[in-house]
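Take a look at the structure below.
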Amino acid sequence: MIAAPLVAAALAFVTTPAELSSRAAGTVTILDARSTGDYREGHVPGAIRIDWTDFRDGWWRTGKLPSDLVALAARLEESGVDGDRGVVVYGKAREGWGEEGRIVWMLAYLGHSDVSILDGGWSAWRELGLPVSRARESALPGRFAARPVERIRASAADVAALRPGSGTLLDVRTRAEFEGATPHFEARGGHIPGAVHLEWKELLDARGRLDPEAARARLRAAGIDPAKPVITYCTAGVRAAEAWLLLRALGYADVRNYDGSWYDWTADERRPVARE
């Protein structure tokens, strides 16, 4: 990809395909959060495949980040992440699970200052007829030191401390999950008491793009006040990370992702669960 400097995105944490395509080679790390099969069928030239499940503290019923942040940063360096180079992550937008948002949230939490998703994901790139590669890409060497930004991450204790009226606990799973379905082998069904429901996909348009006016209208209808703190959660902190990103892009300043999410909450039988 050649040539011109990147035009600043209108929204924080969001880059358009045209903006990405204009960025000179070597000035940005591009990460593909889709499956291996999708990546092999075609990807953005220079993109390195990344899997969010490689960056959690176990393989079963967990979405929490590992405690060893030095090792976590080292793994990201292997994917070409550099503290002085911007990062754009793409996935399948509405057709996926918000994996790209999870990677961006993780990088932002670890202190990277220039991270974003590709608006509309892979489909948006293809719709513009932009170049496609099927090559096995090699990552540029990266240097990245973890400097955690704790204000964008929530724990179970933070969730429990959120009082009615002081902020919003936002459940971004499906309505069926909110009401008790357990499609991902959850220990219990339901939702955290006091949570507001708004599925993360409702913040995107039919093509998987962020329409700020429509998204803000949906948030207002759900009673989510941009002047108060918001904690997002889902099953494993992936869809919730995408919602975190979209809220931040829309100007919500105090948003945290509960990366432990429902898996973590229900692992302790003493924590309450609601189904109404």
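Numbering-wise, my numbering puts 1051 at position 102 of the sequence shown, and it's gapless, one number per residue. For glycine and all other residues, C-beta sits at the position ideal for the given N, C-alpha and C.
Proximity of residue i and residue j at Cβ, strictly below 8 Å
{"i": "LYS1013", "j": "ARG1024", "result": "no"}
{"i": "LEU1118", "j": "ILE1141", "result": "yes"}
{"i": "GLU1027", "j": "ALA1094", "result": "no"}
{"i": "GLY1035", "j": "THR965", "result": "no"}
Residue closest to residue i, alpha-carbon to alpha-carbon, out of the options
{"i": "ARG1083", "options": "TRP1054, HIS992, PRO1113 and ALA1144", "result": "HIS992"}
{"i": "VAL1053", "options": "TRP1046, ALA1164, VAL1037 and ALA1042", "result": "VAL1037"}
{"i": "PHE1127", "options": "THR1011, ASP1203 and ALA1223", "result": "ALA1223"}
{"i": "ALA1202", "options": "ALA1189, GLU1151, LEU980 and ALA1176", "result": "ALA1176"}
Nearest-angstrom beta carbon gap, residue j and residue i [assumed within contact, 8 Å]
{"i": "TRP1211", "j": "CYS1183", "result": "7 Å"}
{"i": "SER1062", "j": "VAL963", "result": "Going by Cβ atoms, the distance from SER1062 to VAL963 rounds to 15 Å, so no, they are not a contact pair."}
{"i": "THR978", "j": "ARG998", "result": "Between ARG998 and THR978 the Cβ distance is about 12 Å, and since that is not below 8 Å, they are no contact."}
{"i": "ALA1136", "j": "ALA1216", "result": "6 Å"}
Residue i in three-state terms, based on DSSP
{"i": "ARG1156", "result": "coil"}
{"i": "THR1094", "result": "A quick correction: the sequence has Ala, not Thr, at residue 1094. Coil at ALA1094, not helix or strand."}
{"i": "SER1210", "result": "helix"}
{"i": "THR1181", "result": "strand"}
{"i": "THR978", "result": "strand"}
{"i": "THR1123", "result": "coil"}
{"i": "ALA1057", "result": "helix"}
{"i": "LEU969", "result": "helix"}
{"i": "ARG1043", "result": "helix"}
{"i": "VAL1108", "result": "helix"}
Pairwise C-alpha distance: residue j and residue i
{"i": "GLY1172", "j": "TRP1193", "result": "16 Å"}
{"i": "ALA1130", "j": "GLY995", "result": "40 Å"}
{"i": "LEU969", "j": "ALA982", "result": "16 Å"}
{"i": "LEU1153", "j": "ASP1160", "result": "6 Å"}
{"i": "GLU1225", "j": "PRO1113", "result": "17 Å"}
{"i": "ALA967", "j": "ARG1043", "result": "20 Å"}
{"i": "ALA1144", "j": "TRP1001", "result": "25 Å"}
{"i": "SER1104", "j": "ASP1208", "result": "8 Å"}
{"i": "GLU1099", "j": "GLY1060", "result": "10 Å"}
{"i": "GLY1045", "j": "GLU1218", "result": "31 Å"}
{"i": "ASP1174", "j": "ARG1096", "result": "29 Å"}
{"i": "LYS1150", "j": "ALA1073", "result": "16 Å"}
Residue i CB to nearest heavy atom of the ligand FMN below 7 Å
{"i": "ALA1176", "result": "Because no ligand of any kind appears in the structure shown, any question about the ligand FMN cannot be addressed here."}
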